[in-house]
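For the record, the sequence lines run as chains A and B.
Those letters in the first sequence? Residues 1 to 97, per this note's numbering, in order.
Those letters in the second sequence? Residues 101 to 197, per this note's numbering, in order.
Even for Gly, the Cβ is constructed at its ideal location relative to N, Cα and C.
In this text, all values refer to a predicted model and were calculated from it rather than measured experimentally.
2 protein chains.
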Amino acid sequence: MPSQMEHVMETMMFTFHKFAGVRGYLTKEDLRILMEKEFPGFLENQKDPLAMDKIMKDLGQCQDGKVNFQSFFSLIARLTIACNDYFVIQMKQKGRK
Amino acid sequence: MPSQMEHVMETMMFTFHKFAGVRGYLTKEDLRILMEKEFPGFLENQKDPLAMDKIMKDLGQCQDGKVNFQSFFSLIARLTIACNDYFVIQMKQKGRK
Numbered sequence: 001m002p003s004q005m006e007h008v009m010e011t012m013m014f015t016f017h018k019f020a021g022v023r024g025y026l027t028k029e030d031l032r033i034l035m036e037k038e039f040p041g042f043l044e045n046q047k048d049p050l051a052m053d054k055i056m057k058d059l060g061q062c063q064d065g066k067v068n069f070q071s072f073f074s075l076i077a078r079l080t081i082a083c084n085d086y087f088v089i090q091m092k093q094k095g096r097k
Numbered sequence: 101m102p103s104q105m106e107h108v109m110e111t112m113m114f115t116f117h118k119f120a121g122v123r124g125y126l127t128k129e130d131l132r133i134l135m136e137k138e139f140p141g142f143l144e145n146q147k148d149p150l151a152m153d154k155i156m157k158d159l160g161q162c163q164d165g166k167v168n169f170q171s172f173f174s175l176i177a178r179l180t181i182a183c184n185d186y187f188v189i190q191m192k193q194k195g196r197k
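Below you can see the structure in the form of structure tokens.
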């Protein structure tokens, strides 16, 4: 049985390939569908209708509209690091009470 | 209930904090224990006794011996991207048969 972190790695790979299909990269539309399914609260809470365009633009490497696994991973990294920063602040505030 | 990718993000954060404790960073010893528990095959297959030292050195930002969440994430990124590259090659070879 894989460890929790091995399972994390597997899930990231399989999620990417599930949405990328045989092409091996995500288009803007693939990424939008992936975000809607996997981060349902994220796009809903975006008041900016151009949020997806901005995400695509920010993923520097994919100016050709193709998101490869590395770019996908860097997006997950940014989301997770932001979540972690928020979590650490919350924990510190809780510790002060 | 969180989606699979939300669960992935949670697991990465909680794994880091489980081993980092209240200090908020991993020492070389914490990282060794984390790697042993979460990637049991990895260190076992390393014939190089200095593998952990090399990993620590490679994690550029932690020359002070402290691995923060971002550095931890970059280590997981490198492992996962390497696994994905291997997976893609295997899939291509399978496709050719």
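Using C-beta distances below 6 Å, list every residue in its chain close to residue i, excluding the 5 sequence neighbours before and after it, in chain order.
i, result
"A:F72", "F16"
"B:G195", "none"
Nearest to residue i by alpha carbon, out of the options?
i, options, result
"A:M35", "A:L79, A:F87 and A:G24", "A:L79"
"B:P102", "A:N45, A:P40, A:T11 and A:E6", "A:P40"
"A:T11", "B:I181, B:K192 and B:G165", "B:I181"
"B:S174", "B:G165, B:L159, B:K137 and B:F114", "B:L159"
"B:M156", "B:D130, B:N145, B:E144 and B:R123", "B:D130"
"B:H107", "A:Q93, A:K92, A:I89 and A:E38", "A:E38"
"A:A20", "A:Q70, A:G95, A:L50 and A:Q93", "A:Q70"
Using a Cβ-Cβ cutoff of less than 7 Å, which residues in the same chain neighbour residue i once the five nearest sequence positions on both sides are dropped?
i, result
"A:R32", "M52"
"B:K128", "M152, M156 and G165"
"A:Y25", "K66, V67 and N68"
"B:I189", "none"
Inspect the beta-carbon positions of residue i and residue j and report whether they are closer than 8 Å.
i, j, result
"B:C183", "A:M9", "yes"
"B:F187", "A:M13", "yes"
For residue i, which residues of its own chain have a beta-carbon under 8 Å away from its beta-carbon, when the five flanking residues on both sides are left out?
i, result
"A:D48", "K54"
Counting only runs of 4+ residues fully inside the region 148–184 of chain B, write out the alpha helix (DSSP H) ranges in chain order. 151–158
With a floor of 4 residues, list each alpha helix (DSSP H) that falls wholly inside the region 106–143 of chain B, ordered by position along the chain. 128–138
What residues from the region 110–130 of chain B come within 9 Å of chain E, judged by C-beta to C-beta, listed N to C? Absence of chain E from the displayed structure is noted, the protein chains being A and B.
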